[in-house]
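K.L.:
Here it is, the structure, as structure tokens.
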Amino acid sequence: GAGVSQSPSNKVTEKGKDVELRCDPISGHTALYWYRQRLGQGLEFLIYFQGNSAPDKSGLPSDRFSAERTGESVSTLTIQRTQQEDSAVYLCASSVRQGRNEQFFGPGTRLTVL
Amino acid sequence: AQRVTQPEKLLSVFKGAPVELKCNYSYSGSPELFWYVQYSRQRLQLLLRHISRESIKGFTADLNKGETSFHLKKPFAQEEDSAMYYCALKSGANNLFFGTGTRLTVIP
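Structural data, given as structure tokens:
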């Protein structure tokens, strides 16, 4: 079966514009995670979805960042009024459920804000 | 607050030599630690987790609570081990807290 997919693979945008990043998790995976990786840094947790529960948004860096997920399907990460410091690779991961299960990562979306 | 430290950004070893990638953590609770690996042009993937006490591709890692370390070791490095390695700590119930990574290069 297909793994986690993300689109677009690359996105170049101008400062101040909004962007939407998409993640398709592995079918049947109830947990979905978004991470950000800035150049030379580790992965930063952004947000976590588990089924129909309220998402854990504790990692979102500002109110310009938001994410949605309908049920156990696709998730979109939206960044409004992008800034240059938002330039990073955004990684999505899914797992069967929260806890000890392995997280499977997508290929990432490389966002460049000019 | 939790923290994962990988002190070496780059590590080069010769083929057949032992390799150790260092990871130290700071966490007030009972830690669960993982090593993830990203080979060239591939996705980030789980290599091993401490609770499984397993050896994957010849790699092992022992959790040392006294030294708050989870170093990754392999007795004889192979060229195919060249990759980016990330140590990660499960923080709370949900997310992983990653170190900055070590790029391992195995010289033929």
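From first to last, the protein sequence lines are chains E and Y. Read in our numbering, the first sequence has 51 at position 51, and its numbers run on one by one without any break. Read in our numbering, the second sequence has 1101 at position 101, and its numbers run on one by one without any break. Ideal placement from N, C-alpha and C gives every residue a C-beta, glycine not left out. As the structure is a computational prediction, the values presented were derived from the model and not from experiment.
1. Is the Cβ-Cβ distance between Gly108 (chain E) and Gln41 (chain E) less than 8 Å?
2. With a threshold of 8 Å on Cβ separation, who are the neighbours of Ser75 (chain E) within its own chain once the five nearest residues in sequence on each side are excluded?
3. Using a Cβ-Cβ cutoff of 7 Å, what residues of the region 1052-1080 of chain Y are near chain A? List them in chain order.
4. Return the CA-CA distance between Lys17 (chain E) and Ser9 (chain E), expressed in angstroms with no decimal places.
5. Let's test the definition: count the other Cβ atoms within 10 Å of the Cβ of Arg36 (chain E) and tell me whether it reaches 16, buried, or not, exposed.
6. Hey, how far is the Cα of Phe1033 (chain Y) from the Cα of Asn1095 (chain Y)?
7. Which class does Glu1020 (chain Y) belong to by DSSP, given the choice of helix, strand or coil?
8. Look at the alpha carbon of Tyr1036 (chain Y) and the alpha carbon of Tyr90 (chain E), and state the distance between them as a whole number of angstroms.
9. So, under 8 Å CB-CB, Asn52 (chain E) and Gly71 (chain E) are touching, yes? Tell me the CB distance rounded to an integer number of Å.
10. Excluding the 5 residues flanking Glu1067 (chain Y) on each side, which residues of the same chain have their C-beta closer than 8 Å to its C-beta?
11. DSSP on Glu72 (chain E), reduced to helix/strand/coil?
12. Against chain Y, does Gly42 (chain E) count as a neighbour if the rule is that its beta carbon must be under 8 Å from one of theirs?
13. Which residues of chain Y have a Cβ atom closer than 9 Å to the Cβ of Phe45 (chain E), listed in chain order?
14. Using a threshold of 8 Å, state whether the C-beta atoms of Leu1010 (chain Y) and Arg1103 (chain Y) are closer than that.
15. For the beta strand (DSSP E) that Asp24 (chain E) lies in, which residues bound it at each end?
16. Would you mind telling me which residues of chain Y sit closer than 8 Å to Pro107 (chain E), beta carbon to beta carbon, in chain order?
17. I'd like the list of long-range same chain contacts for Gly28 (chain E), defined as Cβ closer than 8 Å, with 5 residues on each side in sequence excluded.
18. So, Ala1083 (chain Y) versus His1071 (chain Y), is the Cβ gap smaller than 8 Å?
19. Taking Cβ-Cβ distances shorter than 7 Å, what residues in chain E pair up with Gly1029 (chain Y)?
P.N.:
On the basis of the coordinates in this document:
1. On the first sequence, position 108 is the one that residue 108 (chain E) refers to. On the first sequence, position 41 is the one that residue 41 (chain E) refers to. Contact: no.
2. Position 75 of the first sequence holds residue 75 (chain E). Arg22, Cys23, Pro25, Leu32, Trp34, Phe49, Ala67, Glu68, Arg69 and Cys92.
3. Within the model displayed, chain A is absent; protein chains E and Y are what it includes.
4. Against the first sequence, residue 17 (chain E) aligns to sequence position 17. Against the first sequence, residue 9 (chain E) aligns to sequence position 9. Lys17 (chain E) and Ser9 (chain E): Cα-Cα distance of roughly 18 Å.
5. Locating residue 36 (chain E) in the first sequence gives position 36, counting from the first residue. So Arg36 (chain E) ends up on the buried side.
6. Counted from its first residue, the second sequence places residue 1033 (chain Y) at position 33. Counted from its first residue, the second sequence places residue 1095 (chain Y) at position 95. Checking the sequence, you will find Leu at residue 1033 (chain Y) rather than Phe. Rounded to whole angstroms, Leu1033 (chain Y) to Asn1095 (chain Y) spans 12 Å at the Cα level.
7. As a first step, residue 1020 (chain Y) must be located in the second sequence, where it is residue number 20. Shown here, Glu1020 (chain Y) sits in a strand according to DSSP, grouped into three states.
8. Taking the second sequence and counting its residues from 1, one reaches residue 1036 (chain Y) at position 36. Taking the first sequence and counting its residues from 1, one reaches residue 90 (chain E) at position 90. Each residue's CA atom was taken as its position, placing Tyr1036 (chain Y) and Tyr90 (chain E) some 17 Å apart.
9. Translated into positions along the first sequence, residue 52 (chain E) becomes position 52. Translated into positions along the first sequence, residue 71 (chain E) becomes position 71. Indeed they touch by this definition, with Cβ atoms about 7 Å apart.
10. Within the second sequence, numbered from 1, the residue matching residue 1067 (chain Y) stands at position 67. Taken in chain order, the residues that qualify are Asn1024.
11. Taking the first sequence and counting its residues from 1, the one referred to as residue 72 (chain E) is at position 72. The answer is coil: DSSP assigns Glu72 (chain E) none of H, G, I, E or B.
12. As a working note, residue 42 (chain E) is residue 42 in the first sequence. For Gly42 (chain E), the nearest CB of chain Y lies under 8 Å from its own CB, placing it at the interface with that chain.
13. Here residue 45 (chain E) corresponds to residue number 45 of the first sequence, with the count starting at 1. Going along chain Y in sequence order, the residues near Phe45 (chain E) (Cβ under 9 Å) are Ser1091, Asn1094, Asn1095, Leu1096, Phe1097 and Phe1098.
14. Position 10 of the second sequence, counted from the start, is the residue given in the question as residue 1010 (chain Y). Position 103 of the second sequence, counted from the start, is the residue given in the question as residue 1103 (chain Y). In this structure, Arg1103 (chain Y) lies closer than 8 Å to Leu1010 (chain Y) by Cβ.
15. Counted from its first residue, the first sequence places residue 24 (chain E) at position 24. Unbroken beta strand (DSSP E) run through Asp24 (chain E): Val19 to Asp24.
16. Taking the first residue of the first sequence as 1, we reach residue 107 (chain E) at position 107. Ordered by position in chain Y, the residues that pass the 8 Å Cβ test against Pro107 (chain E) are Arg1043.
17. Residue 28 (chain E) sits at position 28 when you count from the first residue of the first sequence. Excluding sequence neighbours, Gly28 (chain E) sits near Glu72 and Val96.
18. Counting from one through the second sequence, the residue named residue 1083 (chain Y) turns up at place 83. Counting from one through the second sequence, the residue named residue 1071 (chain Y) turns up at place 71. Judged by their CB atoms, Ala1083 (chain Y) and His1071 (chain Y) are not nearer to each other than the 8 Å cut-off.
19. The residue you call residue 1029 (chain Y) lines up with position 29 of the second sequence. Counting only Cβ-Cβ distances below 7 Å, Gly1029 (chain Y) has no contacts in chain E at all, with the closest Cβ about 14 Å away.
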